[in-house]
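Using this note's numbering, read the sequence shown as starting at 8 and increasing by one per residue.
Working notes, structure below.
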Amino acid sequence: MLAGPGGDHRGPHTDRRFRDNSPCACVFVVLAGVFLAVWFILGKDGQHVWSWLAFATGVVCTAFAAYYCDLLGACIPFVQSREGRIHREVAAEQREQQEQQEQQREQQEQQEQQREQQEQQQREQQQEQQREQRRERRERREQRAQQREQQEQQQEQRRERRERRAQQRAQLMEEDQQ
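What follows is the structure, encoded as structure tokens:
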């Protein structure tokens, strides 16, 4: 009924070195006897709801009592023993290791997130710098274009002045010749 993982009928939480079935068997037999007596007293003809409820409750309670008696009967001596203390210490160490591993995982995740954030910030800064450089180049091109236009306008104005002067000289020479 209470076979462990190895089929040794010692219960799932027991240790073979500290197993004694006699108290559990006695408790199980006494409880079964009490509930069978109650069932016989209340009537077993099946017409009384009390009889069926008492029987079902008795079966369930007996099963639970046997199970927990099996656990306690095997665990109490183990817990009080030297091996039990060692077992608890090993379990505590395992819990601490698991907690440390979880903390390390959390730290790694945080570091990973920080790295990703830093990389994202660096990318954004680089993109911003590239935009700024493009804007500066565009402004320089526009300034050069404006300077060229101004130079062209100045050259055009000089040419026009030269042409006017040349025309004025030509007129003056014509007037002098006349």
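Glycine is no exception: its CB is placed at the ideal position from the N, C-alpha and C atoms.
This structure is a prediction, so every number in the text was calculated from the model and none was measured.
Does residue i come out as helix, strand or coil in the three-state DSSP assignment?
{"i": "Q185", "result": "coil"}
{"i": "F25", "result": "Note that F25 scores 41 on pLDDT, short of 50, meaning its location in the model is unreliable; the coordinates nonetheless yield the value given after this. In this structure, F25 counts as helix in the three-state DSSP scheme."}
{"i": "H20", "result": "Bear in mind that a pLDDT of 47 at H20, under 50, signals an unreliable position, so the number given afterwards is only what the model happens to contain. It is coil, neither helix nor strand."}
Rounded to whole angstroms, what is the Cα-Cα separation between residue i and residue j?
{"i": "A152", "j": "Q128", "result": "36 Å"}
{"i": "Q108", "j": "Q118", "result": "15 Å"}
{"i": "E113", "j": "R92", "result": "31 Å"}
{"i": "V41", "j": "L60", "result": "15 Å"}
{"i": "E181", "j": "A173", "result": "12 Å"}
{"i": "Q136", "j": "R166", "result": "44 Å"}
{"i": "L43", "j": "C68", "result": "12 Å"}
{"i": "R147", "j": "Q162", "result": "22 Å"}
{"i": "E139", "j": "Q160", "result": "31 Å"}
{"i": "R26", "j": "Q105", "result": "The pLDDT assigned to R26 is 48, lower than 50, so where the model puts this residue is not dependable; a value taken from the coordinates is nonetheless given after this. Roughly 31 Å separates the two Cα atoms."}
{"i": "Q175", "j": "Q164", "result": "16 Å"}
{"i": "Q185", "j": "R171", "result": "21 Å"}
{"i": "A98", "j": "Q134", "result": "53 Å"}
{"i": "Q150", "j": "L179", "result": "42 Å"}
{"i": "R169", "j": "Q158", "result": "16 Å"}
{"i": "F62", "j": "E100", "result": "46 Å"}
{"i": "Q115", "j": "Q124", "result": "14 Å"}
{"i": "Q121", "j": "Q132", "result": "16 Å"}
{"i": "A177", "j": "R155", "result": "32 Å"}
{"i": "R102", "j": "E90", "result": "18 Å"}
{"i": "R130", "j": "H94", "result": "53 Å"}
{"i": "E126", "j": "Q111", "result": "22 Å"}
Determine, using beta carbons only, whether residue i comes closer than 9 Å to chain D.
{"i": "F71", "result": "In the structure shown, chain D cannot be found, because there is only a single protein chain."}
Residue i and residue j look like a contact to me (Cβ under 8 Å); what is the Cβ gap, rounded to whole Å?
{"i": "V186", "j": "G65", "result": "Given that the chain is displayed from residue 8 to residue 185, the structure contains no residue 186 and the question cannot be resolved."}
Going by C-alpha distance, which of the options is nearest residue i?
{"i": "A70", "options": "E156, L38, R95, Q154", "result": "L38"}
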